[in-house]
Each structure stands twice: as C-alpha cells, then as structure tokens.
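The structure under discussion appears below in the form of structure tokens.
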Amino acid sequence: MRTRPYHPAFVALAVACAWTPQAWAGTSPTGPLDVQHKPGAQESVQAVYRQQNALFKAGQWILQPGVSYAYSDSNALTLNGFLALGAIFLGQINVSKVQSNIETLSLQTSYAPTNDLELSVTVPYLARQSTYVSVGVNSSSLQASQQDVTNKGQIGDASAALYYQISGTSGGAATIWNLTAKAPTGRGPYGIPVVTQAQNNNLSYPESLPTGNGVWSVSTGLSFIKPVSPAILFGSVSYTYNIPRSFGNISSTTTPQPGQVAGGNSVSFGGGTAFALNRRVSLTLSMAETFITETRIKPAGGAWQAVVGSSGNAAVLNLGMSYADSRRVTVVTNVAVGLTKDAPNIDLSVTVPTTF
Numbered sequence: 011m012r013t014r015p016y017h018p019a020f021v022a023l024a025v026a027c028a029w030t031p032q033a034w035a036g037t038s039p040t041g042p043l044d045v046q047h048k049p050g051a052q053e054s055v056q057a058v059y060r061q062q063n064a065l066f067k068a069g070q071w072i073l074q075p076g077v078s079y080a081y082s083d084s085n086a087l088t089l090n091g092f093l094a095l096g097a098i099f100l101g102q103i104n105v106s107k108v109q110s111n112i113e114t115l116s117l118q119t120s121y122a123p124t125n126d127l128e129l130s131v132t133v134p135y136l137a138r139q140s141t142y143v144s145v146g147v148n149s150s151s152l153q154a155s156q157q158d159v160t161n162k163g164q165i166g167d168a169s170a171a172l173y174y175q176i177s178g179t180s181g182g183a184a185t186i187w188n189l190t191a192k193a194p195t196g197r198g199p200y201g202i203p204v205v206t207q208a209q210n211n212n213l214s215y216p217e218s219l220p221t222g223n224g225v226w227s228v229s230t231g232l233s234f235i236k237p238v239s240p241a242i243l244f245g246s247v248s249y250t251y252n253i254p255r256s257f258g259n260i261s262s263t264t265t266p267q268p269g270q271v272a273g274g275n276s277v278s279f280g281g282g283t284a285f286a287l288n289r290r291v292s293l294t295l296s297m298a299e300t301f302i303t304e305t306r307i308k309p310a311g312g313a314w315q316a317v318v319g320s321s322g323n324a325a326v327l328n329l330g331m332s333y334a335d336s337r338r339v340t341v342v343t344n345v346a347v348g349l350t351k352d353a354p355n356i357d358l359s360v361t362v363p364t365t366f
C-alpha cells in the first residue's frame with residue numbers, strides 16, 4: 011500500500027511557516043481583533059467565524075456554491091473489498107495501482123431563524139474517473155494493462171445540518187453543537203459488478219463508480235472557537251453512525267445476492283488556527299483526522315461478516331485563505347494534503363459564501 015509522511019516534525023514545520031511577523035511580535039496588523047458580530051467587525055474575522063459555522067444572525071440567509079477536485083492513488087496486489095474515498099467495493103479486485111480523480115460541484119444554503127441557531131442543506135454533484143493498472147501473466151508473458159472507469163456526473167449524498175450555539179462570551183469564544191443527517195441520494199457502491207479485462211485476466215475492476223455510501227448516516231459533535239489576539243483558535247470533534255440497511259443486491263457478481271450492510275462508523279477530530287492579515291484577508295492552518303471502523307455485511311440467510319480492508323485512518327493538513335470582497339461575498343480557498351494512506355493525496359476547493 012502507498013505510504014505518506016506523517017511525522018510530528020512535518021506538522022510543526024507547517025505551523026511554523028504559517029506564523030506571520032505580526033504573530034511573532036504579538037500584535038495584530040490592524041490592532042486587537044474585533045470578533046463581535048457588529049458593523050465594525052473585520053470582514054476577515056467574520057469570514058473565519060463563518061467557516062467554522064459560528065456566525066449567527068437572525069434572518070440571515072447564505073448561499074454557498076463550491077467546487078473541489080480530489081486526487082488519490084494507491085498501490086496494492088489484491089484488494090478484497092476496500093474503502094476508497096468513502097465508497098466500498100465488494101469483491102476481489104486485482105490491481106497494482108489505482109488512480110482516482112473526483113470533481114465535485116456543491117450547493118449549500120443556510121438560514122438562521124435566531125441568533126444562536128442555523129439550518130443548512132447541501133447537495134453535491136460528482137464526476138469520477140478511476141484508472142486501474144495491473145501487470146499480469148498472459149500467454150506465458152508479463153503484460154501491463156490499464157482500464158479507465160468514468161462516471162460523467164451524478165448527484166451525491168445530500169445532507170441537512172443544524173448548528174446551535176450552546177455557549178458564547180462577549181470575547182467571541184463560542185461552543186457550537188451540530189447535528190447532520192445524510193441521505194443516500196447518490197449511487198451506492200453495492201451491487202456494482204466487478205469484471206475482468208479480456209486482455210489481462212489479472213486486472214479486475216468495477217463496471218461503474220458510486221457517488222454515495224448507499225446508507226443513511228447521522229453525525230453529531232461539538233466545535234469550539236476562541237480569539238487569542240492576533241490568532242483565532244478553533245477545534246472540533248464528531249461521531250458518525252451509519253444506519254444498517256437492506257439491499258436487494260450486495261454482490262459484485264452477475265448473480266443478485268440480497269443482504270444487509272452496516273457501514274463503518276467514524277470518529278473525527280481536528281483543530282487549527284487562523285490569522286487576520288488585514289481587514290479582508292485571513293489565513294488558516296488546521297489538521298483533521300478520521301478513524302473509520304470496518305463495514306459489515308450480512309447476506310440473506312447468513313451471518314454478519316466484516317469487509318476486509320474497509321477500516322481506515324484519514325488524516326489531512328489544511329491550508330486555507332479567505333478574501334472578503336465585501337460584507338456579503340467571501341471567496342474561500344483551501345488545499346488539503348493527505349498525511350495517511352487512506353486520505354486523498356490532495357484536495358483543492360473553492361467556495362463563495364454569499365450573504366443575503
């Protein structure tokens with residue numbers, strides 16, 4: 011399997027590079043940070059609070075379109091059901107390398123009915139392309155082959171979320187509770203046939219690519235944010251539970267096999283810091299990690315069994331920048347670099363929150 015550097019020294023170096031001269035001097039480039047949600051507050055500071063879902067204002071409606079690109083690759087000999095960017099393929103796939111590209115166009119809309127509550131709905135649209143490469147024996151000789159599998163674009167799993175500020179202070183520190191429900195509106199990974207390439211019987215690949223997990227899931231957690239001039243500190247912890255679901259076909263062969271699926275649950279945590287460089291621009295540095303348990307399946311009339319290789323540990327380092335063009339429009343860019351083999355190599359995203 012592929013490996014990536016995941017060493018405390020690497021993270022420490024990234025943190026050191028993120029400090030601004032003003033941070034070393036202990037002063038803000040524009041004086042003490044005004045984190046109150048008042049007309050005089052810095053747009054860049056409000057943008058940081060917006061990204062952490064900690065900016066509440068009754069009657070405020072936000073439309074947030076976004077686009078992202080994720081790339082990952084892995085090397086393996088045989089995969090018996092595996093977790094690839096949140097989608098589990100059942101059946102044996104013999105490959106020596108997999109390259110995956112995912113483009114996502116998402117639209118999120120949020121509304122705050124009160125000064126401490128916000129509701130949001132997110133709908134993603136995905137296009138996927140994966141390349142499977144293998145070296146196998148054919149006619150008594152080694153042969154390298156590859157197969158491209160493309161999904162030109164389908165809706166992904168839609169979600170609805172609730173954010174409630176359970177505590178806050180005049181200094182801007184806040185604790186937010188969140189609850190998210192995700193629906194299996196995308197193409198699930200179960201029942202997708204795995205076929206063998208005619209030119210190389212050592213290369214097996216799925217006929218199509220999923221755009222969702224196939225099951226309902228519920229997530230809940232807490233997030234924290236606190237200004238410590240000239241920085242803003244933030245962190246979060248959450249738990250996701252995938253509700254077991256029955257399917258008419260969970261087999262990767264042409265013979266349908268009814269059964270149940272219990273997706274692997276996960277625990278996520280993360281934290282970071284942000285700096286307001288001036289009234290409009292802020293930089294963020296954060297790290298997030300997710301631990302995923304094994305997915306289990308139960309064929310009709312059989313017993314529960316774990317999908318080998320479906321557990322994972324995905325850790326990423328995020329480098330972001332936001333530019334507040336006005337008090338209504340902000341452009342947020344982020345680069346996520348994978349630190350473990352289960353995380354994408356790189357994930358680039360741009361979102362444009364617009365307040366009405």
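With the sequence shown counted from 1, adding 10 to any position gets you our numbering.
Every residue gets a Cβ at the ideal spot worked out from N, C-alpha and C, and that includes glycine.
Rounded C-alpha distance that separates residue i from residue j
| i | j | result |
| --- | --- | --- |
| SER296 | ARG290 | 20 Å |
| ILE176 | LEU73 | 24 Å |
| THR185 | THR221 | 33 Å |
| THR263 | THR305 | 19 Å |
| TYR249 | PHE301 | 10 Å |
| ASN188 | GLY280 | 15 Å |
| SER78 | VAL339 | 19 Å |
| VAL326 | ALA346 | 6 Å |
| GLY91 | ASN63 | Bear in mind that a pLDDT of 45 at GLY91, under 50, signals an unreliable position, so the model cannot answer this. |
| LEU117 | VAL362 | 10 Å |
| ARG60 | ASP335 | 14 Å |
| MET369 | ALA313 | Coverage of the chain is limited to positions 11 through 366, which leaves residue 369 absent and any answer about it impossible. |
| ILE98 | LEU287 | Note that ILE98 has pLDDT 46, beneath the 50 cutoff, so the model's placement of it is unreliable and no number is given. |
| PHE366 | ARG337 | 10 Å |
| THR132 | GLN209 | 42 Å |
| GLY282 | LEU329 | 10 Å |
| TRP71 | ASP352 | 36 Å |
| ALA198 | GLN52 | It should be noted that the sequence gives Gly, not Ala, for residue 198. Approximately 43 Å between the Cα atoms of the pair. |
Limits of the beta strand (DSSP E) - the one that residue i falls within
| i | result |
| --- | --- |
| SER332 | 322-334 |
| THR124 | 107-124 |
| TRP71 | 71-84 |
| GLY201 | No beta strand (DSSP E) contains GLY201, which DSSP labels as neither H nor E. |
| VAL271 | 269-272 |
Range of the contiguous alpha helix (DSSP H) that encloses residue i
| i | result |
| --- | --- |
| VAL362 | From DSSP, VAL362 is part of no alpha helix (DSSP H); its letter is neither H nor E. |
| GLU53 | 53-61 |
Whether residue i touches residue j by CB criterion (8 Å)
| i | j | result |
| --- | --- | --- |
| SER367 | VAL145 | No answer is possible for residue 367: the residues shown for the chain start at 11 and end at 366. |
| SER120 | SER130 | yes |
| ALA284 | SER278 | no |
| ASP158 | ASN223 | no |
| ALA80 | PRO354 | yes |
| PHE244 | GLY201 | no |
| ASN323 | THR364 | no |
| TYR251 | SER233 | no |
| GLN139 | THR160 | yes |
| ILE6 | ALA183 | This structure leaves residue 6 out entirely; the chain is present only between 11 and 366. |
| GLY163 | SER359 | no |
| THR195 | ILE165 | yes |
| SER310 | GLY269 | At residue 310 the sequence reads Ala, which differs from the Ser that was named. Yes. Within cutoff. |
Residue from the options with nearest C-alpha to residue i
| i | options | result |
| --- | --- | --- |
| LEU213 | THR141, GLN52 and LEU327 | THR141 |
| GLY69 | GLN209, THR190, GLU128 and PRO216 | GLU128 |
| ARG255 | SER218, VAL342 and GLY274 | GLY274 |
| LEU65 | GLY178, ILE112, LEU136 and VAL238 | GLY178 |
| GLY231 | LYS67, TYR173 and SER321 | TYR173 |
Cβ of residue i within 8 Å of any chain D Cβ
| i | result |
| --- | --- |
| VAL159 | The question asks about chain D, but that chain is absent: this structure has only one protein chain. |
Nearest-angstrom Cβ-Cβ length linking residue i and residue j, presumed shorter than 8 Å
| i | j | result |
| --- | --- | --- |
| ILE260 | ILE307 | 6 Å |
| ALA170 | ALA191 | 5 Å |
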